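What follows is a short report on a single structure.
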Ligand code: HEC
């Protein structure tokens, strides 16, 4: 009776083997997909850092010395409504052709799919950006107290 135990366990192992082997395979492809998505995002982030950050700032608020020195009025992408009503196509064209003082990002610097990834990246700045000092986390708290009556000048 005891002797048949190892054989039984081998049979049992063979029976579950397909399931055991299948699960990691599925996990691998999900992992590969997640990895590819993460790589695209990393690439977009690196591109942004290389070609955009100097004007648009790391958090996308556009408050940079370069933009100031160009006299450019920059939109603040940390505000969700800034890019909300601009379609991907509109953003794509601006990035490809440039606008005003903004230089065009030509195909040699970023392929079409990289520009699309960049667009996703700059859209993501609206939700993930930390609050900047001049945008209080609680909007109903006034940034500066109103001058109290009778406090002089
Ligand atoms: C030399 C500074 C400069 C650089 C570098 C730059 N931009 Fe801009 N960008 C601007 C200015 C200025 C505007 C506003 C143009 C206008 O409305 O006249 C602008 C506008 C935009 C807009 C339109 C929406 C908005 O905020 O007005 C997008 C999208 C944009 N830039 C994306 C990018 C991306 C992506 C990169 C990097 C590939 C980049 N920019 C690099 C200066 C720059």
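In our numbering, the protein residues as written are 136 to 288. For glycine and all other residues, C-beta sits at the position ideal for the given N, C-alpha and C. Computed from a predicted model, the values in this text were never measured in an experiment.
Inset, instruction - Alpha carbon to alpha carbon, how far is residue 169 from residue 188? Give it in angstroms, no decimals. - result: 26 Å
Inset, instruction - Output the boundary residues of the alpha helix (DSSP H) element that contains residue 190. - result: Counting along the chain, residue 190 sits inside the alpha helix (DSSP H) bounded by residues 188 to 191.
Inset, instruction - Would you tell me roughly how many angstroms separate the C-alpha atoms of residue 203 and residue 236, rounded to the nearest one? - result: 12 Å
Inset, instruction - State the start and end residues of the unbroken alpha helix (DSSP H) segment that holds residue 224. - result: 223 to 232
Inset, instruction - Hey, could you find the ends of the alpha helix (DSSP H) residue 217 is sitting in? - result: 216 to 219
Legend entry - Given residue 212 as reference, the closest of 246, 167 and 192 once Cα atoms are compared: 192
Inset, instruction - Can you check DSSP and say which residues form a bridge with residue 209? - result: In the DSSP output, where bridge partners are listed per residue, residue 209 has none listed.
Legend entry - Contact set for residue 201: own chain, Cβ-Cβ below 8 Å, skip 5 residues either direction: 189 and 190
Inset, instruction - Could you work out which residue in 175, 157 and 166 is closest to residue 104 when comparing CA atoms only? - result: The displayed coordinates of the chain run from 136 to 288. Any statement about residue 104 would go beyond what the structure contains.
Inset, instruction - Please go through the same chain and pick out, in chain order, the residues whose beta-carbon is closer than 6 Å to the beta-carbon of residue 215, but skip the five residues on each side of it. - result: 261
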